Each structure stands twice: as structure tokens, then as C-alpha cells.
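Visitor: Please find one structure pasted underneath; my questions will follow.
Numbering (the numbering used here), first residue to last: 251 to 401.
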């Protein structure tokens, strides 16, 4: 799935992501400021949470509740290596039945579950965003991210 949208369309985009997701682990790729956290906020809202959503840049993970789900929001931007993620128990989170929304997954390539789905967000000069969503991609742990096929 590939969608071009304006930030004002974020709620319909979040709804489409939830509808098309076949995994509860979704990886968000994109440059800083492209709108990853904004999309995650809308997804958390559409999953029924009333919690205040913010980037877990310093805490690494935030937990949100909805009437039927637990949602974990990760931001690995500031970690130095995968050992930091292991030390706080990322594997326990990843193998839970909760939703896992992961920013900066390229920092932990060897820890990502194989059934994770990928969202890549690109921006253009007109302020539009293009979202590329791949379902059930089997990540090759040794393959650099820039060589993976996101379409």
C-alpha cells in the first residue's frame, strides 16, 4: 500500500494502517521531522486510547491503554547499541500480544520480530507525505536497510 497525504489527513491514514495491519508490530522509518510520531499519535487514538501520546525519546518506551489493547510506543533514536534495548527488556515487549509501534528500528535490526510490518514515510517539497506500508515482510537480519525493498 502506498498513499500520498497531507498532515490534515492523518486520522484517515491511521485508520487505513490499522485496517491493513496483519501484525501488531509496526516499524516506522523516515527522517527526523517527517511525521512518524504524529502518525503514531493518530494510530493510538484510533485504537481507542485517551492517553496523552508523546515521543519516548528518553524513556525508550511509553505504554498506552485502550479498552481492549495495550500499546507500546518505542523510540530507539538515542540508543548506542542493541545491548541497551536488551537491557531494558525489549524482547519481552516484542513477544507480547500488545501493539508495538517502533520509531528508529534501524538501531536494533537484529532484535526485530520477523513478522514486523514496515511503514516508510517520505516528505516532499510541498509538505505532502508518502507512506509506504509493507505487510509481513521477512526482514533479513544481515541486509542493510537501504538495500531492502519497501514496495
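From the three backbone atoms N, C-alpha and C, an ideal C-beta is built for every residue, glycine too.
All of these numbers come straight from a predicted model, not from anything done at the bench.
Go to residue 333, then tell me how far its alpha helix (DSSP H) extends in each direction, as first and last residue.
Guide: First-last of the alpha helix (DSSP H) with residue 333: 332-337.
Visitor: State the Cα-Cα distance for the pair residue 288 and residue 303, rounded to the nearest angstrom.
Guide: Distance between the alpha carbons of residue 288 and residue 303: 9 Å.
Visitor: In terms of residue numbering, what span does the beta strand (DSSP E) encompassing residue 367 cover?
Guide: Unbroken beta strand (DSSP E) run through residue 367: 367-373.
Visitor: Please check the pair residue 250 and residue 344, which I expect to be a contact at CB under 8 Å, by giving their CB distance rounded to whole angstroms.
Guide: Any question about residue 250 goes unanswered here, given that the chain covers just 251 to 401.
Visitor: Quick check on the burial criterion: 16 or more other C-beta atoms within 10 angstroms. Buried or exposed for residue 262?
Guide: Residue 262 should be labelled exposed.
Visitor: Helix, strand or coil: how does DSSP classify residue 288 here?
Guide: Helix at residue 288.
Visitor: Residue 298 and residue 257 - do their beta-carbons sit closer together than 8 Å?
Guide: Taking 8 Å as the Cβ cut-off, residue 257 and residue 298 do not qualify as a contacting pair.
Visitor: Tell me whether residue 383 counts as near the ligand PLP, meaning its Cβ is closer than 7 Å to at least one heavy atom of that ligand.
Guide: The model depicted lacks the ligand PLP and carries no ligand whatsoever.
Visitor: How far does the alpha helix (DSSP H) with residue 262 in it extend, from its first residue to its last?
Guide: Here the alpha helix (DSSP H) through residue 262 covers 260-270.
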